[in-house]
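Read through the structure below, which is laid out as structure tokens, and then see the notes.
Number of protein chains: 2
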Amino acid sequence: MPRRAQVRRPMRPENVHQARLLKLLRDDGPRSRAELGDAVALSKTKVALELDRLVELGLVVGAGLAESRGGRRSSIVQLAPTLRFLAVDIGATSVDVAVTDGRLQVLEHLREPMDVRRGPMPVLDLVLDLVGKLRASGAADDVHGVGVGVPGPVSFREGVPVVPPIMPGWDHFPVRETIGQALGCPVLVDNDANIMALGELHAGTARSVHDFLFVKVGTGIGCGIVVEGSVYRGMSGSAGDIGHMSVEDDGPVCTCGRTGCLEARFGGAALARDAETAARSGRSSLLADRLAEAGALSAADVAVAAASGDPVAVDLVREGGQRLGRVLASLVSFFNPGMVVIGGGVAGLGHALLAEVRGVVYRRSLPLATGNLPIVLSELGADAGIVGGARLISDHVLSA
Amino acid sequence: MPRRAQVRRPMRPENVHQARLLKLLRDDGPRSRAELGDAVALSKTKVALELDRLVELGLVVGAGLAESRGGRRSSIVQLAPTLRFLAVDIGATSVDVAVTDGRLQVLEHLREPMDVRRGPMPVLDLVLDLVGKLRASGAADDVHGVGVGVPGPVSFREGVPVVPPIMPGWDHFPVRETIGQALGCPVLVDNDANIMALGELHAGTARSVHDFLFVKVGTGIGCGIVVEGSVYRGMSGSAGDIGHMSVEDDGPVCTCGRTGCLEARFGGAALARDAETAARSGRSSLLADRLAEAGALSAADVAVAAASGDPVAVDLVREGGQRLGRVLASLVSFFNPGMVVIGGGVAGLGHALLAEVRGVVYRRSLPLATGNLPIVLSELGADAGIVGGARLISDHVLSA
Chain A
1 MPRRAQVRRP MRPENVHQAR LLKLLRDDGP RSRAELGDAV ALSKTKVALE LDRLVELGLV
61 VGAGLAESRG GRRSSIVQLA PTLRFLAVDI GATSVDVAVT DGRLQVLEHL REPMDVRRGP
121 MPVLDLVLDL VGKLRASGAA DDVHGVGVGV PGPVSFREGV PVVPPIMPGW DHFPVRETIG
181 QALGCPVLVD NDANIMALGE LHAGTARSVH DFLFVKVGTG IGCGIVVEGS VYRGMSGSAG
241 DIGHMSVEDD GPVCTCGRTG CLEARFGGAA LARDAETAAR SGRSSLLADR LAEAGALSAA
301 DVAVAAASGD PVAVDLVREG GQRLGRVLAS LVSFFNPGMV VIGGGVAGLG HALLAEVRGV
361 VYRRSLPLAT GNLPIVLSEL GADAGIVGGA RLISDHVLSA
Chain B
1 MPRRAQVRRP MRPENVHQAR LLKLLRDDGP RSRAELGDAV ALSKTKVALE LDRLVELGLV
61 VGAGLAESRG GRRSSIVQLA PTLRFLAVDI GATSVDVAVT DGRLQVLEHL REPMDVRRGP
121 MPVLDLVLDL VGKLRASGAA DDVHGVGVGV PGPVSFREGV PVVPPIMPGW DHFPVRETIG
181 QALGCPVLVD NDANIMALGE LHAGTARSVH DFLFVKVGTG IGCGIVVEGS VYRGMSGSAG
241 DIGHMSVEDD GPVCTCGRTG CLEARFGGAA LARDAETAAR SGRSSLLADR LAEAGALSAA
301 DVAVAAASGD PVAVDLVREG GQRLGRVLAS LVSFFNPGMV VIGGGVAGLG HALLAEVRGV
361 VYRRSLPLAT GNLPIVLSEL GADAGIVGGA RLISDHVLSA
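Chains as they are written, first to last, in my numbering: chain A, 1 to 400; chain B, 1 to 400.
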């Protein structure tokens with residue numbers, strides 16, 4: 001088998017029946033033809049016809065015979081084992097690229113530090129480099145599409161970031177087109193919180209939940225809104241942009257240029273800033289030692305300090321959790337979700353953060369909205385953006 | 001034709017094709033069989049079959065011949081002219097009952113003052129009385145269903161109000177069952193803001209908008225959320241309950257028992273209370289005169305006083321608009337709607353209120369979310385709850 005970049009349009013399903021069959025095989029794994037027929041409520045002949053065509057298209061392969069259900073044994077089919085999706089997770093301070101199989105299982109995962117503020121060219125060059133490495137290893141031969149997450153608002157239709165506050169130089173940069181032309185396959189670009197929400201929906205804690213919020217607290221703060229199992233993006237694609245919701249009348253100047261934003265108070269960047277101030281002022285010897293050692297502090301340092309009982313760090317987590325909780329209390333009253341999942345780097349603050357957020361939400365939201373509301377930490381953690389990116393593009397590619 | 005209450009199950013469409021045809025006839029009016037065939041993308045034979053069946057069911061009738069499109073003239077069909085829906089709008093201080101034809105045009109509309117706090121029995125007795133009057137006039141013979149709005153949270157599935165703050169005595173009262181048993185036809189019960197949103201979607205300012213917010217500011221404050229042309233109700237039916245979102249750390253005690261709620265600051269009841277306080281303190285002679293005359297003040301009095309330039313009334317509107325605006329700014333950032341419609345009694349404050357709300361939202365929400373965002377007053381005004389009630393039940397009854 002030749003191990004070189006293949007530039008050709010991958011095969012796609014031709015009708016809604018084929019699309020449904022492919023998604024069943026993606027989500028449930030190998031199935032007998034009989035089981036698939038039951039699941040899609042099509043006649044035996046029709047299912048056989050569509051499956052045969054999917055085999056011809058190279059999307060499905062046979063996988064032996066099923067146990068007998070009384071009559072002739074039905075043959076098992078599965079997604080072609082060569083089928084691959086790429087997921088790209090562009091964060092504020094790193095780039096992740098991974099390749100998955102058709103069932104969205106991660107096969108290889110590469111991660112490099114990178115400052116997104118360096119602008120689109122160096123970042124996308126790194127992305128393509130990492131893809132090249134995956135291809136060189138043979139893991140990414142039969143790529144059917146790429147799902148890309150970026151930490152800012154995105155025009156989903158056009159595949160471009162739109163005035164992203166923490167991504168200077170990226171405004172309207174043709175991310176989808178650039179990657180699509182380099183790799184010769186379908187590409188979708190979305191806000192990272194939306195993608196992480198899809199990850200939790202596919203393989204994380206929100207698997208059985210149709211309407212939920214995924215709150216990402218990383219360097220920035222964002223929210224993925226899932227309505228009836230699909231990401232709700234709003235009129236211009238900015239739905240869920242809660243980082244710039246106003247939580248106070250003044251406060252620190254935000255990356256967006258205004259004051260009073262949630263993100264300016266409790267993003268990872270804000271937390272690092274407040275921790276450094278505390279370290280320099282001598283209020284926390286633990287944080288001061290860490291600052292002297294590393295030259296800078298991060299949200300992760302605050303998490304470690306809080307876990308070991310440092311009172312300044314504990315206060316930072318408590319105060320941030322209160323602010324986040326107030327915003328979420330409003331959103332819970334408004335949206336009445338079935339679950340709230342908290343993820344992203346600052347979710348590393350863990351149960352201390354969760355306890356604060358829960359306290360405020362359960363106290364300030366309507367009882368009817370909080371009666372059965374789980375507020376939980378992301379199950380996938382750092383992998384949410386990868387699984388979600390693969391899910392995003394596979395939903396697209398496996399549609400008719 | 002006998003003019004008495006008929007208790008029988010009305011006919012319903014038998015499949016999705018019939019349902020689509022009926023909704024087209026409801027929304028677009030009489031159409032030729034040829035036009036309907038084009039619209040639903042079914043074969044001529046299949047459309048003829050389904051329409052013939054709808055005629056047999058008494059839901060559709062012939063209405064002459066269309067202009068020729070080149071060949072034989074196609075016959076025109078329309079919804080049966082006897083088809084009727086009832087809409088019931090239970091407000092905090094009044095009850096509206098109306099009957100519409102199949103196209104949701106209001107034929108007769110009765111309104112009686114009634115305090116919802118008197119509890120379900122007297123209020124629903126009045127509702128059934130008013131329905132009786134409509135029936136006695138012959139306007140409501142062939143009723144296919146009833147859509148009911150109430151000013152509080154509703155479990156839509158069960159058709160009961162759930163812990164509604166301004167409706168003491170109504171918690172879990174079987175509203176749907178009571179009306180359904182009395183009238184012998186399908187009944188749906190929903191929160192009034194959801195129903196008013198449906199009204200604007202059907203025949204008001206949001207006709208061409210798929211994702212929007214309808215903000216009702218009456219005695220209480222609520223919000224109808226429309227996603228892809230359908231009301232989004234959330235996990236337990238309380239989505240859009242923004243009246244009890246916290247806007248300050250203390251403030252007046254709310255009907256829900258907590259402090260800091262938006263509604264306790266700027267519902268119609270709060271506005272009337274603040275106006276009476278101002279009148280009694282001698283700060284506004286205009287409001288004092290009106291109070292002496294009427295014995296009590298309402299939000300409508302504030303509107304009149306503000307329109308004639310009374311500075312206290314103008315301040316009340318301005319301050320209320322600011323508070324409402326701040327909440328809406330957050331919701332606009334979160335939900336990125338295509339439109340915000342403001343309705344309900346306090347919308348009578350009109351353009352002064354609108355100007356305040358717009359100012360705050362455009363200043364405090366993300367530019368990407370406000371770029372093309374119309375913030376407008378309800379077009380249907382007091383009729384939004386009636387048209388919406390009819391739309392709610394017709395969507396249900398005309399479904400397969």
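Heads up, the beta-carbon is just placed ideally off N, CA and C, and yes, glycines get one too. Just so it is clear, the structure is predicted and the values come from calculations on it, not from any experiment.
Could you run through the segment 356 to 371 of chain B and flag, in chain order, every residue whose CB is less than 7 angstroms away from some CB of chain A?
-> Of all residues in the segment 356 to 371 of chain B, only 364, 366, 367, 368, 369, 371 place a beta-carbon less than 7 angstroms from a beta-carbon of chain A.
Just the Cα atoms here: how many angstroms apart are residue 211 of chain B and residue 331 of chain B?
-> Here residue 211 of chain B refers to the residue found at position 211 of the second sequence. Here residue 331 of chain B refers to the residue found at position 331 of the second sequence. Take the alpha-carbon of residue 211 of chain B and the one of residue 331 of chain B: they are about 13 angstroms apart.
Just tell me which of A:250, A:146, A:322 has its CA closest to the CA of residue 177 of chain A.
-> Walking along the first sequence from the start, residue 177 of chain A turns up at place 177. Nearest option by C-alpha distance: A:146.
So does residue 134 of chain A have its beta carbon nearer than 7 angstroms to some heavy atom of the ligand ATP?
-> Although the ligand ATP was asked about, the structure shown includes no ligands whatsoever.
Could you tell me whether any Cβ in chain B is nearer than 8 angstroms to the Cβ of residue 375 of chain A?
-> Looking up residue 375 of chain A in the first sequence gives position 375. Residue 375 of chain A does not count as touching chain B.
How would you list, in chain order, the residues of chain B whose beta-carbon sits under 8 angstroms from the beta-carbon of residue 195 of chain A?
-> Taking the first residue of the first sequence as 1, we reach residue 195 of chain A at position 195. Neighbours of residue 195 of chain A on chain B: none; closest Cβ ~17 angstroms, over 8 angstroms.
For residue 102 of chain B and residue 394 of chain B, the rounded distance between their alpha carbons = Indexing the second sequence from 1 puts residue 394 of chain B at position 394. Indexing the second sequence from 1 puts residue 102 of chain B at position 102. Taking the Cα positions, residue 394 of chain B is about 8 angstroms away from residue 102 of chain B.
By Cβ distance below 8 angstroms, which residues in the same chain neighbour residue 294 of chain A in space, the five residues on each side in sequence not counted?
-> In the first sequence, counting from the first residue as 1, residue 294 of chain A sits at position 294. The beta carbon of residue 294 of chain A is closer than 8 angstroms to those of 301 in its chain, skipping five residues each way along the sequence.
Could you tell me which chain A residues have their CB closer than 7 angstroms to the CB of residue 81 of chain B, listed as they occur along the chain?
-> One-based indexing of the second sequence puts residue 81 of chain B at position 81. Below the 7 angstroms Cβ cutoff, chain A contributes no neighbours of residue 81 of chain B, its closest Cβ being approximately 36 angstroms away.
Are the CB atoms of residue 198 of chain B and residue 391 of chain B nearer to each other than 8 angstroms?
-> Translated into the one-based positions of the second sequence, residue 198 of chain B becomes position 198. Translated into the one-based positions of the second sequence, residue 391 of chain B becomes position 391. Cβ distance < 8 angstroms, so residue 198 of chain B and residue 391 of chain B count as in contact.
Selected residue, minimal CA-CA separation from residue 114 of chain B, among B:292, B:231, B:125, B:164 | Here residue 114 of chain B refers to the residue found at position 114 of the second sequence. That would be B:125, whose Cα lies nearest to the Cα of residue 114 of chain B.
Could you tell me whether the segment 241 to 259 of chain A touches the segment 278 to 293 of chain A, using the rule of 3 or more Cβ pairs below 8 angstroms?
-> When Cβ pairs closer than 8 angstroms are counted between the two stretches, the segment 241 to 259 of chain A is seen not to touch the segment 278 to 293 of chain A, the count staying below three.
Over the uninterrupted alpha helix (DSSP H) stretch that includes residue 369 of chain B, give me the two end residues.
-> Taking the first residue of the second sequence as 1, we reach residue 369 of chain B at position 369. The continuous alpha helix (DSSP H) containing residue 369 of chain B extends over residues 367 to 370.
Cα-Cα separation, residue 201 of chain B to residue 19 of chain B | Within the second sequence, numbered from 1, the residue matching residue 201 of chain B stands at position 201. Within the second sequence, numbered from 1, the residue matching residue 19 of chain B stands at position 19. Between residue 201 of chain B and residue 19 of chain B, the C-alpha separation is close to 19 angstroms.
Using the C-alpha atoms, what's the distance from residue 128 of chain A back to residue 215 of chain B?
-> Your numbering for residue 215 of chain B matches position 215 in the second sequence. Your numbering for residue 128 of chain A matches position 128 in the first sequence. For residue 215 of chain B and residue 128 of chain A, the gap between their C-alpha atoms comes out near 47 angstroms.
Span of the alpha helix (DSSP H), counted from its first residue to its last, around residue 304 of chain A | Numbered from 1 along the first sequence, position 304 holds the residue referred to as residue 304 of chain A. For residue 304 of chain A, the enclosing alpha helix (DSSP H) starts and ends at 299 to 307.
Shortest alpha-carbon distance to residue 209 of chain A belongs to which of A:28, A:383, A:374, A:151?
-> Counting from 1 along the first sequence, the entry for residue 209 of chain A is found at position 209. Among A:28, A:383, A:374, A:151, the Cα nearest to that of residue 209 of chain A is on A:374.
Would you grab the beta carbon distance between residue 219 of chain B and residue 267 of chain B for me? Rounded to a whole angstrom, and I think it's under 8 angstroms.
-> By 1-based counting over the second sequence, the position of residue 219 of chain B is 219. By 1-based counting over the second sequence, the position of residue 267 of chain B is 267. Yes, they are in contact, since the Cβ atoms of residue 219 of chain B and residue 267 of chain B sit about 6 angstroms apart, within 8 angstroms.
For the segment 219 to 236 of chain B and the segment 350 to 368 of chain B, state whether three or more C-beta atom pairs, one from each stretch, are separated by less than 8 angstroms.
-> Taking 8 angstroms as the limit for Cβ pairs, the verdict is that the segment 350 to 368 of chain B does not touch the segment 219 to 236 of chain B.
Cβ of residue 217 of chain A less than 8 angstroms from any chain B Cβ?
-> Numbered from 1 along the first sequence, position 217 holds the residue referred to as residue 217 of chain A. So, not an interface residue.
Can you check the segment 121 to 181 of chain A for any beta strand (DSSP E) of at least 3 residues that lies completely inside it and give the ranges in chain order?
-> Whole beta strand (DSSP E) segments, 3+ residues: 142 to 150.
Would you please state the rounded distance, in angstroms, between the beta carbons of residue 297 of chain A and residue 287 of chain A? I believe it to be under 8 angstroms.
-> For the purposes of this step, residue 297 of chain A is taken as residue 297 along the first sequence, with counting starting at 1. For the purposes of this step, residue 287 of chain A is taken as residue 287 along the first sequence, with counting starting at 1. Confirmed, Cβ separation roughly 6 angstroms.
Residue 78 of chain A lies in the beta strand (DSSP E); which residues open and close that run?
-> As a first step, residue 78 of chain A is located in the first sequence; it is residue number 78 there, counting from the start. Here the beta strand (DSSP E) through residue 78 of chain A covers 75 to 79.
Establish whether the CB of residue 192 of chain A and some CB of chain B are separated by less than 8 angstroms.
-> Reading the first sequence from its first residue, position 192 is the one you call residue 192 of chain A. Residue 192 of chain A does not count as touching chain B.
Of the choices A:29, A:90, A:44, whose alpha-carbon is the least far from that of residue 77 of chain A?
-> In the first sequence, residue 77 of chain A corresponds to position 77, counting from 1. Nearest option by C-alpha distance: A:29.
Name, going along the chain, the residues of the segment 235 to 252 of chain B whose beta-carbon falls closer than 8 angstroms to a beta-carbon of chain A.
-> If you check each beta-carbon in the segment 235 to 252 of chain B against every beta-carbon of chain A, the ones closer than 8 angstroms belong to 235, 236, 237, 238, 239, 240, 241, 242, 244, 245, 246.
For residue 211 of chain A, which residues in chain B fall below 7 angstroms Cβ to Cβ?
-> By 1-based counting over the first sequence, the position of residue 211 of chain A is 211. Within chain B, the residues placing a beta-carbon under 7 angstroms from that of residue 211 of chain A are 234, 235, ordered along the chain.
Could you please tell me which residues of the segment 335 to 348 of chain A, in chain order, have their CB closer than 9 angstroms to any CB of chain B?
-> Under the 9 angstroms Cβ criterion, the segment 335 to 348 of chain A contributes 335, 336, 337, 338, 339.
Go ahead and pull the three-state DSSP assignment for residue 20 of chain B.
-> As a working note, residue 20 of chain B is residue 20 in the second sequence. Reduced to three states, the DSSP call for residue 20 of chain B is helix.
What residue does the alpha helix (DSSP H) around residue 203 of chain B start on, and which one ends it?
-> Counting from one through the second sequence, the residue named residue 203 of chain B turns up at place 203. From DSSP, the alpha helix (DSSP H) with residue 203 of chain B extends over 192 to 203.
Please confirm if residue 271 of chain B has its CB atom under 8 angstroms from at least one CB of chain A.
-> Position 271 of the second sequence, counted from the first residue, corresponds to residue 271 of chain B. No, no contact with chain A.
Best match in B:243, B:85, B:248, B:251 for proximity to residue 188 of chain B [C-alpha to C-alpha] | If you number the second sequence from 1, residue 188 of chain B lands on position 188. Closest option to residue 188 of chain B, Cα to Cα, is B:85.
Who are the neighbours of residue 161 of chain A on chain B, taking C-beta pairs under 7 angstroms?
-> If you number the first sequence from 1, residue 161 of chain A lands on position 161. None at all; the shortest Cβ gap to chain B is about 10 angstroms.
DSSP state of residue 45 of chain B, grouped into three classes?
-> Taking the second sequence and counting its residues from 1, the one referred to as residue 45 of chain B is at position 45. Residue 45 of chain B falls in the helix class under three-state DSSP.
Per DSSP, what kind of secondary structure is residue 459 of chain A in: helix, strand or coil?
-> Because chain A is modelled from 1 through 400, residue 459 of chain A falls outside the range shown and cannot be assessed.
Could you give the DSSP three-state label for residue 1 of chain A: helix, strand or coil?
-> For this step, residue 1 of chain A is matched to residue 1 along the first sequence. A caution first: residue 1 of chain A carries a pLDDT of 37, below 50, which makes its placement in the model too unreliable to give a value.
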